[in-house]
Ligand SMILES: [Zn+2]
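In our numbering, the protein residues as written are 10 to 335.
This is the structure we're talking about:
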């Protein structure tokens, strides 16, 4: 048996997960710990090391051929560094160097770093909803809104690994809310879980006693017909539709895949999204663009990181060469 075995790390604001994925895209081992997001850089590094300690002790690790890392962004894949918005202690943090230096990582295995949404796109293209499709926008609609692109059958990462950042496309340039990124009217300010819940609450929606005002709770209310909850999802779907139509016009797409926690709302989100997309995607080559739910859910980050290390390995832009000896 010469099947390739992939190591995968998924660094997020709430958890750090690691996995070993076989040649068919099946997760065969898994480890995770809570992210010490408010801790020091050293505490963060120790948490990553503990996940790697656990994985490298598994028998499957001895066959490891490649290692992929998906991280909350921004990332700089050419420098091998990460600066996750929700992990303040890591700014320009040399994650690739630290992972490479772990004693359990074989010397010949060069870690491949990408942003988490780019990893998700790679995973959906490998074994998920985008299998066999050449031009795909994959979106993660969650606490934030991210995305990744498959173009001409290959993962498109951009020089620093941030291509596909659809959450920060401006869809309301005049009166849209200010965005923490510094711009105005970004998709994320309308369509993230946080934005959906905030809009519903501002409109006068009140969650049932004992229920937190989350996007999931707003979805329950929307399904029950609450007009403020319906309006919050309609607003989110409309912003996503405008951004999808713009992306389709720019690069030509065959398919859009939407995952992330907010996509769990199902038709409550997809219904208004598709309805508005019909109004925005009106050029002949953008009309009728299918929008489907992601197939990978809980382990999407790990499957994606493995895909980036192997089947979807970018030709350039995310493969950091070891430092030259001088
Ligand atoms: Zn923004």
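Idealized CB from N, CA, C, for every residue including glycine.
These figures come from a predicted structure and were not determined experimentally.
7 Å Cβ shell around residue 187 - same chain, five flanking residues per side excluded = The answer, listed in chain order, is 193.
ask   = Which runs of the beta strand (DSSP E) spanning at least 3 residues fall entirely within the region 148–178, listed in chain order?
value = Fully enclosed beta strand (DSSP E) runs of 3 or longer: 154–160, 163–165.
message = Restricting to Cα atoms, I'd like to know which of 181, 316, 207 is closest to residue 252.
response = Nearest option by C-alpha distance: 181.
Proximity winner among 215, 248, 247, 310, relative to residue 237 (alpha-carbon distances) = When only C-alpha atoms are compared, the closest one is 215.
6 Å Cβ shell around residue 30 - same chain, five flanking residues per side excluded = Counting only Cβ-Cβ distances below 6 Å, and skipping sequence neighbours, we find 15, 17, 36, 315.
query = In chain order, which continuous runs of the beta strand (DSSP E) of length 3 or greater are located wholly inside the region 219–275?
reply = Runs of the beta strand (DSSP E) inside the region 219–275: 264–268.
inquiry  = Can you list, in chain order, the residues of its chain with a C-beta nearer than 6 Å to that of residue 197? Leave out the 5 residues immediately preceding and following it.
reply    = Correct list, in chain order: 153, 154, 176.
query = So which residues put a beta carbon under 5 Å from any heavy atom of ligand 1, going in chain order?
reply = Residues flagged by the Cβ proximity filter: 177, 188, 190, 192, 195.
key: Test item: CB-CB of residue 271 and residue 145 under 9 Å   = Cβ atoms of residue 271 and residue 145: not closer than 9 Å.
ask   = Whole-angstrom Cβ separation of residue 132 and residue 318, contact assumed at under 8 Å?
value = Cβ atoms of residue 132 and residue 318 stay farther apart than 8 Å, at about 11 Å.
query = Of the choices 57, 34, 41, whose alpha-carbon is the least far from that of residue 26?
reply = Cα-wise, what sits closest to residue 26 is 41.
message = For residue 82, tell me which candidate among 89, 73, 76, 94 has the shortest Cα-Cα distance.
response = Looking at 89, 73, 76, 94, the one whose alpha-carbon comes closest to that of residue 82 is 94.
message = Checking 9 Å against the spacing of the C-beta atoms, do residue 122 and residue 105 come in under that value?
response = Result yes, Cβ atoms of residue 122 and residue 105 sit closer than 9 Å.
inquiry  = Using 8 Å as the cut-off, can you tell me whether the region 279–295 makes contact with the region 155–170, which would need three or more C-beta pairs spanning the two stretches below that distance?
reply    = The region 279–295, when compared against the region 155–170, does not touch it at the 8 Å Cβ threshold.
request  = Report the rounded CA-to-CA distance for residue 327 versus residue 305, giving the unit in angstroms.
outcome  = Bear in mind that the predicted position of residue 327 carries a pLDDT of just 42, short of 50, making it unreliable; the figure below should be weighed with that in mind. Rounded to whole angstroms, the separation of the alpha carbons of residue 305 and residue 327 is 23 Å.
message = Restricting to Cα atoms, I'd like to know which of 55, 164, 283 is closest to residue 140.
response = Nearest of 55, 164, 283 to residue 140, Cα basis: 164.
request  = Round the Cβ separation of residue 53 and residue 88 to the nearest angstrom and send it over; I've been treating them as touching at under 8 Å.
outcome  = Going by Cβ atoms, the distance from residue 53 to residue 88 rounds to 18 Å, so no, they are not a contact pair.
key: residue 295 versus residue 71 - alpha carbon distance   = So the two alpha carbons sit approximately 47 Å from each other.
task = Tell me whether the beta-carbon of residue 206 lies closer than 9 Å to the beta-carbon of residue 248.
result = Cβ atoms of residue 206 and residue 248: not closer than 9 Å.
request  = Using beta-carbon positions only, say whether residue 80 and residue 33 come within less than 9 Å of one another.
outcome  = Contact flag unset, no.
ask   = Skipping 5 residues on each side, what residues in its chain have a beta carbon closer than 7 Å to that of residue 160?
value = Within the same chain, residue 160 has close Cβ partners 144, 260.
ask   = Buried or exposed: where does residue 134 fall if 16 or more other Cβ atoms within 10 Å of its Cβ makes it buried?
value = Within 10 angstroms of the beta-carbon of residue 134 lie 16 or more other beta-carbons, which makes it buried.
Rounded C-alpha distance that separates residue 302 from residue 278 = Rounded to the nearest whole angstrom, the CA to CA distance from residue 302 to residue 278 is 10 Å.
ask   = Can you tell which of 298, 85, 266, 60 has the C-alpha that lies nearest to the C-alpha of residue 24?
value = It is 60.
message = Distance check for residue 267 and residue 284, CA to CA, integer angstroms please.
response = Taking the straight line from one Cα to the other gives about 15 Å.
request  = Pick helix, strand or coil for residue 82, following the three-state DSSP scheme.
outcome  = Assigned with DSSP and collapsed to three states, residue 82 falls in coil, not helix or strand.
query = Run through DSSP, which three-state label would residue 54 get?
reply = Three-state result, residue 54: helix.
ask   = What residue from 262, 68, 101 has the CA that sits closest to residue 50's CA?
value = The shortest Cα separation from residue 50 among 262, 68, 101 belongs to 101.
ask   = Can you give the Cα-Cα distance for residue 311 and residue 74, rounded to whole angstroms?
value = If I take the Cα positions, the gap works out to 16 Å.
Buried or exposed by the 16-neighbour rule on C-beta atoms within 10 Å, applied to residue 244 = Buried.
task = Please report the residue range of the beta strand (DSSP E) in which residue 301 lies.
result = Residues 300–302.
Residue from 13, 230, 199 whose Cα sits closest to the Cα of residue 282 = For residue 282, the closest of 13, 230, 199 by C-alpha to C-alpha distance is 199.
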